[in-house]
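The opening residue of the sequence shown carries number 1276 in this note's numbering; numbering runs sequentially from there. Every residue gets a Cβ at the ideal spot worked out from N, C-alpha and C, and that includes glycine. Contents: one structure, followed by commentary.
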Amino acid sequence: GSSQALTLLAEALFAPGRKIAITSPSFSLYAHLVRLYGAEVIDIPLDENFEFSAQTLFSEQVMNAHVAMICSPNNPTGTALSHQSLLEFADRFAGVVVVDEAYFEFLEARGETSCVKFATTRPNVIVLRTLSKAWSAAGLRVGAMIGCPEVISVFRALKPPYSIAWPSEVLASFVLSQKVAETRKKVALTVSMVDELQALLRRCSGVELLSESRANFVFFRTLRADLLEQTLNREGFLIRRYTGGRLTNCVRISMPPAEKLDSLKNSLREVLQ
């Protein structure tokens, strides 16, 4: 949903000689676009538990970058940077701060505040939102870029005409006007399912629950990742198993429909307990 917004950001802000700070690990499209446009990736490493670290976030190398990409809640770890920390970072960072709030609705359900209002008054802050996650409308390919009017006008000029199909516009308007209460209820249920699944994983001897997920998925490490993937696939659950670098043996499982949760929990117990 916000992929085109990311591409527009890259067209406007990424270029040879420019430094783009990206939390690591994070959404792979960020680094892909940085390299595609010839800019340099500056890592903002998450700590050993994949939490945001003030030490790396406010490091000299990061603070000297031209753009900072922060996904909160982060994909794939589910960890989030507090609203206050984001505001402090934006105040101190001289470049452009892009806050990707693709999973924010799940964080909002836990009482956190969005950066949207802040972005509309700060020319160096841009927020990205999407209908692809909490709103269950990934097929529409609709998202939003939010910022000061003078900033958004620059990106509007870069946006290709007719970039959103008419059916997507109509359906997106319907979702945002008619599905708000339903979506909030679904998000609250999803958050409770995440907590329930994380509680189960803490009791499993073969699991290292690295951090508290604030998104719609759980994220953990297990030496039985391969067996778990095979078992869950047989039961009809598709999961993401990571095999490289810091993410080796890490697993991300998005929440299934509520009626399938018990089946998922039984499969997890079968492999991990």
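In the structure shown, F1494 adopts extended strand secondary structure according to DSSP, grouped into three states. Of all C-beta pairs linking the stretch 1522 to 1539 to the stretch 1450 to 1460, fewer than three are shorter than 8 Å, placing the two stretches out of contact.
Per DSSP, R1527 is not a residue of any alpha helix (DSSP H); the beta strand (DSSP E) it occupies stretches across C1525 to S1529.
The Cβ atoms of F1364 and V1372 sit closer than 9 Å to each other. For V1373, the enclosing beta strand (DSSP E) has its first and last residue at V1371 to D1375. Approximately 4 Å separates the beta-carbon atoms of D1318 and S1299; this is inside 8 Å, confirming the contact. For a cut-off of 8 Å, the C-beta gap from W1410 to V1450 is around 6 Å, short enough to register as a contact.
A distance of 9 Å or more separates the beta carbons of N1324 and L1433. Here the alpha carbons of F1495 and R1477 stand approximately 10 Å from one another. Contact between the stretch 1528 to 1543 and the stretch 1297 to 1314 is absent: fewer than 3 CB-CB pairs across the two stretches fall below 8 Å. Exposed is the label assigned to D1537, since fewer than 16 other Cβ atoms lie within 10 Å of its Cβ. Between L1415 and L1446, the beta carbon gap of about 6 Å places them in contact (Cβ cut-off 8 Å). In the DSSP annotation of this structure, the continuous segment of the beta strand (DSSP E) that includes D1318 starts and ends at E1315 to P1320. With fewer than three CB-CB distances shorter than 8 Å, the stretch 1330 to 1343 does not count as touching the stretch 1419 to 1431. Along the length of the stretch 1398 to 1457, whole beta strand (DSSP E) runs at least 3 residues long occupy 1400 to 1405 and 1418 to 1421, reported in chain order.
Counting the other CB atoms within 10 Å of its CB gives L1513 a total below 16, which places it among the exposed residues. E1483 is classed as exposed because its beta carbon has fewer than 16 other beta carbons within 10 Å across all chains shown. Spanning the alpha carbons of P1291 and Y1305 requires a straight line of approximately 15 Å.
According to the DSSP assignment, S1299 belongs to no alpha helix (DSSP H) but to the beta strand (DSSP E) extending over K1294 to S1299.
If you check the CB distance, F1289 and N1350 do not come in under 9 Å. The straight-line gap separating the alpha-carbon atoms of E1383 and A1490 is approximately 10 Å. Going by C-alpha positions, S1328 is about 8 Å away from P1320. In chain order, R1527 place their CB closer than 6 Å to the CB of R1515, counting only its own chain and leaving out the 5 sequence neighbours on each side. Counting along the chain, the unbroken beta strand (DSSP E) around V1342 starts and ends at V1342 to C1346. Cβ contact annotation for C1346 (same chain, cutoff 6 Å, sequence separation greater than five): S1301, F1302 and D1375, in chain order. Within the same chain, V1391, A1394 and V1402 come within 6 Å of I1421 by CB-CB distance, once the 5 residues on both sides are set aside. Non-local C-beta neighbours of S1357 in its own chain, meaning closer than 8 Å and more than five positions away in sequence, comprise E1387, ordered along the chain.
By the CB criterion at 9 Å, R1293 and E1326 fall outside the cutoff.
Here the alpha carbons of E1335 and K1540 stand approximately 44 Å from one another.
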